[in-house]
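Asks: Below you'll find the structure I mean.
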Amino acid sequence: MRKTLSQLKKMVQLDEKLVCLTAYDASFAHWIAEAGVDVILVGDSLGMVVQGHATTLPVSLDEMVYHTQMVQRGNHKAWCIADLPFMADATLDSALHAAGRLMKEGGANMVKLEGGQRVLPMVETLSAMGVPVCGHLGLLPQSVEKYGYQVQGKDQTSAERLLEEAAALQTAGAEMLVLECVPSALAAEITANLSIPVIGIGSGKETSGQVLVLHDMLGLTVGKTPKFAQNFLQEGGSIQQALADYVAAVKQGHFPQALHEMA
Ligand code: KIV
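Here's what the structure looks like:
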């Protein structure tokens with residue numbers, strides 16, 4: 000049985016950290032779920048780590064559906080989130096179409112959209128239609144050409160904007176939030192303000208859970224690996240052990256260490 004949203008929320012209420020990891024195919028999804036990862040994210044990071052693009056922007060909806068199908072064939076235990084690719088949420092109609100395909104054809108349990116104010120109407124409508132939605136604030140890889148890969152929320156104005164947008168996403172119906180590369184104190188404040196699980200990446204250890212890109216935590220990323228990532232394969236010696244170590248490190252609060260925080 001795959002984990003349900005209500006089980007994940009219960010775990011957070013009981014102060015258990017949620018472990019999330021990206022996956023893009025059936026074999027990895029199988030071993031990731033077997034290791035006890037709670038949430039698998041079929042991230043559009045696949046554009047970079049699988050397809051070899053410089054950014055996530057070229058990934059198509061067909062490709063997201065294809066990878067989500069593969070992941071869900073291998074995953075029988077974890078909750079599965081699939082990313083809406085760049086521009087799939089440009090209009091309400093296109094967001095509904097993309098979310099429908101990711102759930103009906105891909106078998107995703109939840110869809111993720113990047114952005115704050117701009118995506119509130121999409122979040123509200125999808126949620127009203129029974130689609131579980133995960134928000135994504137902070138560093139937004141789909142907006143990298145405009146803003147770059149920068150820590151977000153460092154000054155008071157942008158920190159306040161992130162606090163407001165996080166609350167607005169929850170009010171619009173988001174059931175989970177990914178916070179990427181925001182200072183750890185701000186991530187802690189956002190997490191404390193919300194009742195939905197907040198999954199951090201490069202945002203310190205005070206969030207409800209952690210997510211990493213699979214290739215980063217296995218030391219397989221070609222080129223620059225984010226400095227907040229940890230190579231669990233080097234430490235564990237096998238992929239299965241690396242996955243088990245990652246799960247244990249997040250559950251026990253050993254990952255991320257202050258050293259691995261981006262802020
Ligand atoms: O696409 C992805 O893998 C993501 C993570 C970086 C959170 O959105």
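Here the sequence shown stands for residues 0 to 262, numbered as in numbering that gives the first Met the number 0.
Where is the CB? At the ideal position from N, CA and C, for every residue including glycine.
Might you give, ordered along the chain, the residues of its own chain that have their beta carbon closer than 6 Å to the beta carbon of Ala98, omitting 5 neighbours on each side?
Replies: What you label residue 98 is simply residue 99 of the sequence shown in a count that begins at 1. Result list for Ala98: Val110, Leu125, Val130, in chain order.
Asks: What's the call for Glu260, buried or exposed, on a 16-neighbour Cβ count within 10 Å?
Replies: Here the question's residue 260 lines up with position 261 in the sequence shown. Caution applies to Glu260, whose pLDDT of 46 falls short of 50 and renders its modelled position unreliable; the value that the coordinates give is listed next. Buried, because 16 or more other Cβ atoms sit within 10 Å of the Cβ of Glu260.
Asks: Here's the rule I'm using: 16 or more other beta-carbon atoms within 10 Å means buried, otherwise exposed. How should Met0 be labelled?
Replies: Residue 0 sits at position 1 when you count from the first residue of the sequence shown. Per the 10 Å Cβ criterion, exposed.
Asks: With hydrogens ignored, establish whether the beta-carbon of Glu179 is closer than 7 Å to any heavy atom of ligand 1.
Replies: If you number the sequence shown from 1, residue 179 lands on position 180. Ligand 1 approaches Glu179 closely enough that one of its heavy atoms is under 7 Å from the residue's Cβ.
Asks: Look up Met261 in the DSSP assignment and say whether it is helix, strand or coil.
Replies: Taking the sequence shown and counting its residues from 1, the one referred to as residue 261 is at position 262. A caution first: Met261 carries a pLDDT of 45, below 50, which makes its placement in the model unreliable, though a value can still be read off. Here Met261 sits in coil by DSSP.
Asks: Take the Cβ of Lys204 as the centre, count every other Cβ of all protein chains shown within 10 Å, and call the residue buried at 16 or more, exposed below.
Replies: Walking along the sequence shown from the start, residue 204 turns up at place 205. Buried: at least 16 other Cβ atoms inside 10 Å.
Asks: Sorted by chain position, which residues of the same chain lie with C-beta nearer than 6 Å to Phe85's C-beta, five sequence neighbours on each side aside?
Replies: By 1-based counting over the sequence shown, the position of residue 85 is 86. Excluding sequence neighbours, Phe85 sits near Leu56, Gln141.
Asks: Between Val42 and ligand 1, is there a pair consisting of the residue's CB and a ligand heavy atom that are separated by less than 7 Å?
Replies: To locate residue 42, count along the sequence shown from 1; it is residue 43. Correcting the residue identity first, residue 42 is Gly in this sequence and not Val. It does: the Cβ of Gly42 is within 7 Å (strictly closer) of some heavy atom of ligand 1.
Asks: Return helix, strand or coil for Ala243, following the three-state DSSP convention.
Replies: For this step, residue 243 is matched to residue 244 along the sequence shown. It is helical.
Asks: Relative to the C-alpha of Val210, which candidate in His96, Met69, Phe227 has its C-alpha closest?
Replies: For the purposes of this step, residue 210 is taken as residue 211 along the sequence shown, with counting starting at 1. Selected option, being the one with the closest Cα: Phe227.
Asks: At which residues does the alpha helix (DSSP H) containing Val48 begin and terminate?
Replies: Position 49 of the sequence shown, counted from the first residue, corresponds to residue 48. 45 to 48 is the extent of the alpha helix (DSSP H) around Val48.
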